[in-house]
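Taking it in order: structure first as structure tokens, then the write-up.
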Amino acid sequence: MAEISGANGNHAKAMEEEVVLNLKDGEVLHNKDQNSTGSSGFCVSVPFLQKLFAEALGTYFVIFAGCASVVVNLSQDKVVTLPGISIVWGLVVMVMVYSVGHISGAHFNPAVTIAFATCRRFPWKQVPAYISAQVLGSTLASGTLRLIFNGKQAHFPGTIPAGTDLQSLVLEFIISFYLMFVISGVATDNRAIGELAGLAVGATVLLNVLFAGPISGASMNPARSLGPAIVANRYKGIWVYIVGPICGTISGAWAYNIIRFTNKPLREITRSGSFLKSLTRNGSN
Numbered sequence: 252m253a254e255i256s257g258a259n260g261n262h263a264k265a266m267e268e269e270v271v272l273n274l275k276d277g278e279v280l281h282n283k284d285q286n287s288t289g290s291s292g293f294c295v296s297v298p299f300l301q302k303l304f305a306e307a308l309g310t311y312f313v314i315f316a317g318c319a320s321v322v323v324n325l326s327q328d329k330v331v332t333l334p335g336i337s338i339v340w341g342l343v344v345m346v347m348v349y350s351v352g353h354i355s356g357a358h359f360n361p362a363v364t365i366a367f368a369t370c371r372r373f374p375w376k377q378v379p380a381y382i383s384a385q386v387l388g389s390t391l392a393s394g395t396l397r398l399i400f401n402g403k404q405a406h407f408p409g410t411i412p413a414g415t416d417l418q419s420l421v422l423e424f425i426i427s428f429y430l431m432f433v434i435s436g437v438a439t440d441n442r443a444i445g446e447l448a449g450l451a452v453g454a455t456v457l458l459n460v461l462f463a464g465p466i467s468g469a470s471m472n473p474a475r476s477l478g479p480a481i482v483a484n485r486y487k488g489i490w491v492y493i494v495g496p497i498c499g500t501i502s503g504a505w506a507y508n509i510i511r512f513t514n515k516p517l518r519e520i521t522r523s524g525s526f527l528k529s530l531t532r533n534g535s536n
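Numbering (the numbering used here), first residue to last: 252 to 536.
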């Protein structure tokens with residue numbers, strides 16, 4: 252969900268050699284030598300398979316914790332409550348962003364991956380693999396919950412429109428737009444405090460689930476809806492949770508790019524970096 256950089260040392264020179272999983276001039280930086288550093292001071296030391304594993308594992312824990320709160324609430328006479336479910340979703344997203352954001356970028360969401368690709372922040376050739384890892388993680392998490400809670404139909408943790416499909420589609424578009432707009436602001440803008448990206452994204456998820464959960468289920472994530480649907484073989488309204496989030500995140504990403512003030516050419520505005528890193532660079536010049 253947010254691309255985060257991590258420091259390799261305690262001084263400025265080491266900071267410049269930290270792992271940065273973002274794009275340069277519309278391309279992802281790749282280097283077969285894990286210890287080599289490019290002319291820009293950037294170095295990618297995470298093999299692609301490790302990124303996929305991080306995405307699958309991160310998505311697994313996000314879906315497991317979030318959907319578990321839904322199942323427990325259904326099976327234990329609403330003991331968790333809507334605010335409790337919202338907090339669980341927000342916290343697990345925040346925790347996993349900080350856990351693997353520096354490895355894979357912490358998308359955990361096919362819609363976010365596609366939105367980054369449309370903005371040239373992520374290579375299209377890696378999109379299918381990322382989406383596959385995310386859906387796999389969601390499906391495995393949903394399968395785990397089905398085994399734990401005996402797969403009762405009344406405890407379905409997926410998303411189903413409470414009203415009309417159109418109502419849920421519009422709501423999913425809006426909350427996905429909101430989520431991606433925040434992600435673009437806190438995780439892709441050089442002026443933002445990058446270290447707080449996970450907190451901001453988690454808080455946005457919490458707010459969205461709190462007010463949209465009773466209506467559409469507040470998916471914002473095709474993988475979040477597909478995993479439980481595949482395991483339970485329940486696909487009612489599933490198109491809403493694919494079309495809405497994808498269109499919403501793409502619109503949110505481009506909306507932020509439009510209002511982002513910059514004196515750089517368009518091809519350079521998608522470069523990202525953390526607030527701490529920018530301070531380190533300024534101090535070393």
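For every residue, glycine included, the Cβ atom is placed at its ideal position computed from N, Cα and C. Quick caveat, the model's predicted, so the values are computed rather than measured.
Item                                                                                                                         : Value
Under the three-state DSSP convention, the category Thr288 falls into                                                        : Bear in mind that a pLDDT of 41 at Thr288, under 50, signals an unreliable position, so the number given afterwards is only what the model happens to contain. Thr288: coil per DSSP, three-state reduction.
Ala327 (DSSP reduced to helix, strand or coil)                                                                               : The sequence given here places Gln at residue 327; Ala does not occur at that position. In the structure shown, Gln327 sits in coil (DSSP, three-state: anything other than H, G, I, E or B).
DSSP state of Asn484 mapped onto helix, strand, coil                                                                         : coil
Contact check, Gly445 vs Ala438, beta carbons under 8 Å                                                                      : yes
Three-state secondary structure (DSSP) of Ser389                                                                             : helix
Distance CB(Gly499)-CB(Phe424) smaller than 8 Å                                                                              : yes
Exposure label - Leu274; buried when at least 16 CB within 10 Å                                                              : Note that Leu274 has pLDDT 37, beneath the 50 cutoff, so the model's placement of it is unreliable and the number below is only indicative. Per the 10 Å Cβ criterion, buried.
For Lys403, the three-state DSSP class (helix, strand or coil)                                                               : coil
Where Gly464 falls: helix, strand or coil (DSSP)                                                                             : helix
Closest residue to Tyr429 among Ile489, Gly309, Leu387, Trp505 (Cα-Cα distance)                                              : Trp505
Cβ-based burial, Val330 [other Cβ within 10 Å; buried from 16]                                                               : exposed
Option nearest Ser350 by Cα separation, candidates Ala380, Ser389, Phe367, Ala305                                            : Ala305
Alpha-carbon spacing of Ser427 relative to His358, whole angstroms                                                           : 13 Å
Check: Val331 C-beta below 7 Å from any heavy atom of the ligand ADP                                                         : As presented, the structure is devoid of all ligands, the ligand ADP included, so that no description of it is given.
Selected residue, minimal CA-CA separation from Leu461, among Thr332, Leu325, Val313, Gln301                                 : Thr332
Local conformation of Trp489 per DSSP, three classes                                                                         : Note that residue 489 is Ile in the sequence shown here, rather than Trp. Here Ile489 sits in coil by DSSP.
C-alpha distance - Ile399 paired with Ala307, whole-angstrom precision                                                       : 20 Å
Expected contact under 8 Å - CB spacing of Ala392 and Phe315 to nearest Å                                                    : 4 Å
Integer Cβ distance of Asn324 from Ile336, believed to fall under 8 Å                                                        : 6 Å
Residues of its chain near Thr395, where Cβ-Cβ distance is below 7 Å and the 5 sequence neighbours each way are ignored      : Phe315
Delimiting residues of the alpha helix (DSSP H) encompassing Lys470                                                          : The sequence as given places Ser at residue 470; Lys does not occur at that position. Neither: Ser470 is in no alpha helix (DSSP H) and is coded neither H nor E.
Beta-carbon contacts of Lys283 that lie in its chain and below 8 Å, excluding the five residues immediately before and after : Low per-residue confidence applies at Lys283: pLDDT is 39, beneath 50, and the placement is therefore not dependable enough to give any value.
The stretch 485-495 contacting the stretch 372-380, beta-carbon criterion three pairs below 8 Å                              : no
Length of the line joining the Cα atoms of Ile365 and Gly402                                                                 : 32 Å
8 Å Cβ shell around Ala413 - same chain, five flanking residues per side excluded                                            : Ser419, Pro465, Ile466, Ser467, Gly468
Rounded distance between the beta-carbons of Val452 and Met537, thought under 8 Å                                            : A query on residue 537 cannot be resolved here, the shown segment of the chain reaching from 252 to 536 and no further.
Arg485 and Gly409 closer than 8 Å at C-beta                                                                                  : yes
Within 8 Å, strictly: CB atoms of Gly352 and Gly488                                                                          : no
Ala319 versus Ala384: straight-line alpha-carbon distance, rounded                                                           : 20 Å
Ala474 vs Val386 beta-carbon contact at 8 Å                                                                                  : yes
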